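This report concerns only the one structure given below.
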Amino acid sequence: MNTSTFYLLLILFPLSLMSQNFNIEGVVTAEGVALPFANVYLEDTTKGAVTNNEGQFTISNVTLGTYTIVASFTGFKTERKQIKVLNKDITINFNLSPTERLDEIVVTGTLKAVSRLESSVPVEIYTPAFLKKNPTPNVFEALQNVNGVRPQLNCNVCNTGDIHINGLEGPYTLVLIDGMPIVSGLSTVYGLSGIPNSLIEQVEVIKGPASSLYGSEAVGGLINIITKLPENTSNFSVDGFVTDWGEANLDLSYKSHIGKKATMLLGTNYYNYSNPIDNNKDNFTDVTLQDRISIFQKWDFKRQHQRKFSLAGRYFYEDRWGGEMQWDKKYRGGTEVYGESIYTSRFELIGNYQIPTKEKLNFQFSYSDHDQNSVYGDMHYLARQCIGFGQLVWDKSFKNHDLLLGSALRYTYYNDNTVATEKADEVTIPSAFVQDEITLTQTQKLLLGARYDYDKRHGSIFTPRLAYWYKPSENDIIRVNAGTGFRVVNLFTEDHAALTGARDVVIEETLKPEKSYNINLNYLKKIYTKSGMMFTIDASAWYTYFTNAILPDYDTNPNQIIYDNLDGHATSKGASLNIDAVLGSGIKALLGITVQDVSQTENDITTEQILTEKFSGTWAISYKHYKTNLTLDYTGNVYGPMRLPVLGPLDPRSSMSPTWSIQNIQLTFDGIENIEIYAGIKNLLNWTPNKGEPFIIARTHDPFDEEVEYNADGSVMATPNNPYALTFDPSYVYAPNQGRRLFFGMRFRLD
Numbered sequence: 050m051n052t053s054t055f056y057l058l059l060i061l062f063p064l065s066l067m068s069q070n071f072n073i074e075g076v077v078t079a080e081g082v083a084l085p086f087a088n089v090y091l092e093d094t095t096k097g098a099v100t101n102n103e104g105q106f107t108i109s110n111v112t113l114g115t116y117t118i119v120a121s122f123t124g125f126k127t128e129r130k131q132i133k134v135l136n137k138d139i140t141i142n143f144n145l146s147p148t149e150r151l152d153e154i155v156v157t158g159t160l161k162a163v164s165r166l167e168s169s170v171p172v173e174i175y176t177p178a179f180l181k182k183n184p185t186p187n188v189f190e191a192l193q194n195v196n197g198v199r200p201q202l203n204c205n206v207c208n209t210g211d212i213h214i215n216g217l218e219g220p221y222t223l224v225l226i227d228g229m230p231i232v233s234g235l236s237t238v239y240g241l242s243g244i245p246n247s248l249i250e251q252v253e254v255i256k257g258p259a260s261s262l263y264g265s266e267a268v269g270g271l272i273n274i275i276t277k278l279p280e281n282t283s284n285f286s287v288d289g290f291v292t293d294w295g296e297a298n299l300d301l302s303y304k305s306h307i308g309k310k311a312t313m314l315l316g317t318n319y320y321n322y323s324n325p326i327d328n329n330k331d332n333f334t335d336v337t338l339q340d341r342i343s344i345f346q347k348w349d350f351k352r353q354h355q356r357k358f359s360l361a362g363r364y365f366y367e368d369r370w371g372g373e374m375q376w377d378k379k380y381r382g383g384t385e386v387y388g389e390s391i392y393t394s395r396f397e398l399i400g401n402y403q404i405p406t407k408e409k410l411n412f413q414f415s416y417s418d419h420d421q422n423s424v425y426g427d428m429h430y431l432a433r434q435c436i437g438f439g440q441l442v443w444d445k446s447f448k449n450h451d452l453l454l455g456s457a458l459r460y461t462y463y464n465d466n467t468v469a470t471e472k473a474d475e476v477t478i479p480s481a482f483v484q485d486e487i488t489l490t491q492t493q494k495l496l497l498g499a500r501y502d503y504d505k506r507h508g509s510i511f512t513p514r515l516a517y518w519y520k521p522s523e524n525d526i527i528r529v530n531a532g533t534g535f536r537v538v539n540l541f542t543e544d545h546a547a548l549t550g551a552r553d554v555v556i557e558e559t560l561k562p563e564k565s566y567n568i569n570l571n572y573l574k575k576i577y578t579k580s581g582m583m584f585t586i587d588a589s590a591w592y593t594y595f596t597n598a599i600l601p602d603y604d605t606n607p608n609q610i611i612y613d614n615l616d617g618h619a620t621s622k623g624a625s626l627n628i629d630a631v632l633g634s635g636i637k638a639l640l641g642i643t644v645q646d647v648s649q650t651e652n653d654i655t656t657e658q659i660l661t662e663k664f665s666g667t668w669a670i671s672y673k674h675y676k677t678n679l680t681l682d683y684t685g686n687v688y689g690p691m692r693l694p695v696l697g698p699l700d701p702r703s704s705m706s707p708t709w710s711i712q713n714i715q716l717t718f719d720g721i722e723n724i725e726i727y728a729g730i731k732n733l734l735n736w737t738p739n740k741g742e743p744f745i746i747a748r749t750h751d752p753f754d755e756e757v758e759y760n761a762d763g764s765v766m767a768t769p770n771n772p773y774a775l776t777f778d779p780s781y782v783y784a785p786n787q788g789r790r791l792f793f794g795m796r797f798r799l800d
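FYI, this note's numbering numbers position 619 of the sequence shown as 668, with every residue one higher than the one before it.
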């Protein structure tokens, strides 16, 4: 061999090694059981494989080099390993651990941070990952895909809304922020649309009374919006999307460490919709125009012995209007062109301070100031509400007892310009509560609780509750909850129908507080299959009985809304089922169905509650294709018929709604580090409530009722100009009036 040949071989030999291809083989298991349809791939390459029925995989034609090999399966923790491909095939195995969603920490059910599985009170959790499946600008719209929870629009003009749980009206649902009751009364009307999803760490939902811990308003259930912890957020993030209707939403957040002992999170949300659309040709805006900003700041402080101290504040301003298409601000409050215009200015303060003692004592406090300047046609409604709240909680455990004792003080100031409020209403309600969770055995717990409130308007109010937790096996949990609830009412802060339209509001008597008696049975089952699939079945049945129920009566006189205490009783009963399924190959589904019967009985006559569906269903189906970094989300809901508030026997509008559905689809790409790009279609079926109806808003051509004639008894007279004997009425609403729309957005974070 001559010298030149030797050097040529010396050059070609390593090149031939580099051109050789090798295989990477292995098995993916989960807790020792073969996991089929798992994704295994080499990061930052296009090479990958899917495991077969025995959990085996082979990645072929891999060249020499160093790689990160990734094994992932929806519902399990993703694993990464560093490998070097030298001059032979490689065998590498993975054993994935489940990401147990049920082990998430909840605080709402018992005012203690406990595992969701161990909570005596059933609590549902919804994380930002769930909310991202159908991007919305606020939490009100986001809740449309939660089983048994329905955002209800109450006006076709200004799009005010509230949250129904298990068929009960919005005022029966208490909305908390970080456990504080600052979204109540006046703020329930428009406040929910002012809470951006970007603030949310998780949403906890309890269905059924919780008055023994949270007092009035927590009669039908509660929603606790837990804001982000600064330490869990990125240093900087931005999330924005637009729609082809002209909507624009932008979220910005920034985290900073202030010295060695403080962390600050600053978040800003801006939403704008300024494009009047009238697809149903009634000369009224289909969707309310909105311009709002929300600024949020939260501080966490490090203290000795890991004691808690956090302080958060938020300012919210919104300008919204709806009405005739030619309306602008020069017509505000006049009778020339009809419009409903609302200016809302609101700030909130929330704090949690652990007192430096040997005992675990926490002082929680909040304050909110809500100012509303609104006009409904030519009717002015000017209102202000301030709510101050303080609560001292002692958390004590000994032997098999887990005690919680607390005292609270709530101050409410309310004033408006209506005749119903002759002078400002100021109420201070002191409260005391106690709770004892007794561990009977390793598989059984009993929770006993009671609350005492004193309201000078109604005297002493006592609300006990009982909960039983039983775990017959590792994968089964049974919960029974029973208790009472109570609610006091301020009509003009809770029921928008009392302000809009031409119906007169009649209050028959001094309203007494409502009382409720509830029992709830919950069964949770976890199923793991040999093929790696996971199913969580969460089933509940409930029954609630109300006395002194205060419900709007639209039927006795179509031109009036009559409020009084029901001389009888009302009931809410039903059952719900949630199935959370991890099917493998990147497929995951969350399915829910609720069947319910909500009615009132007076003088032995039982009627269905108005605007309450007999059944509903929700779904969120996701498919992740790991090789392309694409995720497809298909979300939606379906609602059964509900009774609607028609204006009389001649009203041509349907007295029952049809079965209807809103469905959405989204595609997300996350193949670029720290960036997500998403796009999709909302309301795929282009469904709106005007389908098949002659009109939705009655007498849009005469919104000030200038051509309406009345009989001697005050009822509306049928005339050639008014053949259906109607007045202007925008309260015939049960679903969003916004049709199909495209959306496009992007998220960026800097860790």
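A virtual CB, placed ideally from N, CA and C, is assigned to each residue, including glycine.
It should be emphasised that the depicted structure is a prediction, and the values quoted were computed from it without experimental measurement.
Assigned exposure category for residue i - 16 Cβ within 10 Å defines buried
i: Met705; result: exposed
i: Arg528; result: buried
i: Pro220; result: buried
i: Gly763; result: exposed
i: Ser780; result: buried
i: Tyr688; result: buried
i: Ala546; result: Confidence at Ala546 is low in this model, with a pLDDT of 47, below 50, so its placement is unreliable and the value that follows should be read with caution. Counting Cβ neighbours within 10 Å, Ala546 comes out buried, since at least 16 surround it.
i: Ala133; result: In the sequence as presented, Ala is not what sits at residue 133; that position holds Lys. Under this definition Lys133 is an exposed residue.
i: Glu722; result: exposed
i: Val82; result: exposed
i: Tyr503; result: exposed
i: Gly550; result: Model confidence at Gly550 stands at a pLDDT of 49, short of 50, so the residue's coordinates are unreliable; what they give is reported in the following sentence. Buried, because 16 or more other Cβ atoms sit within 10 Å of the Cβ of Gly550.
i: Ile436; result: buried
i: Lys309; result: exposed
i: Thr533; result: buried
i: Ser305; result: exposed
8 Å Cβ cutoff met for residue i and residue j
i: Ser480; j: Arg506; result: no
i: Asp327; j: Asp340; result: no
i: Ile274; j: Ile226; result: yes
i: Gly788; j: Thr708; result: no
i: Phe438; j: Arg395; result: no
i: Thr292; j: Leu791; result: yes
i: Gln193; j: Pro186; result: no
i: Leu441; j: Val483; result: no
i: Glu756; j: Asn770; result: yes
i: Leu278; j: Asp349; result: yes
i: Val252; j: Ser634; result: no
i: Thr107; j: Glu74; result: yes
i: Gly210; j: Val647; result: no
i: Pro325; j: Asn567; result: no
i: Ala761; j: Ala767; result: no
i: Thr337; j: Cys207; result: yes
i: Pro85; j: Asn72; result: no
Bridge partners - residue i, DSSP secondary structure assignment
i: Lys494; result: Thr488, Trp518
i: Asn318; result: Asp300, Ser343
i: Tyr364; result: Ile344, Phe396
i: Ile391; result: Arg369, Ser423
i: Glu475; result: Tyr462
i: Arg692; result: Met705
i: Ala531; result: Leu515, Ile568
i: Thr684; result: Ala669, Asn713
i: Val442; result: Asn411, Gly455
Contact belief for residue i with residue j at Cβ below 8 Å, rounded distance in angstroms
i: Ala457; j: Asn464; result: Contact flag wrong, Cβ pair sits at about 24 Å.
i: Asp331; j: Phe744; result: 6 Å
i: Gly617; j: Gln645; result: That pair is no contact at about 19 Å.
i: Tyr425; j: Phe753; result: Their Cβ separation, rounded to whole angstroms, is 11 Å, which puts Tyr425 and Phe753 out of contact at 8 Å.
i: Leu301; j: Gln346; result: Not quite, the Cβ-Cβ distance comes to about 12 Å (not below 8 Å), so this is no contact.
i: Ala747; j: Asp778; result: 4 Å
**OP:** Output the residue ranges of the beta strand (DSSP E) runs that lie fully inside the segment 95-151 and measure 3 residues or longer, sorted by chain position.
**Re:** Correct list: 97-99, 105-111, 114-121, 128-134, 143-145.
Original post:
Unbroken alpha helix (DSSP H) runs of length 4 or more, entirely within the segment 168-245: which are they?
Top reply: Entirely contained in the segment 168-245, the alpha helix (DSSP H) runs reaching 4 residues are, in chain order, 177-181, 188-191, 236-239.
**OP:** Scan the segment 621-669 and note each continuous alpha helix (DSSP H) run of 4 residues or more that stays entirely inside, going in chain order.
**Re:** None, since the segment 621-669 contains no complete alpha helix (DSSP H) of that length.
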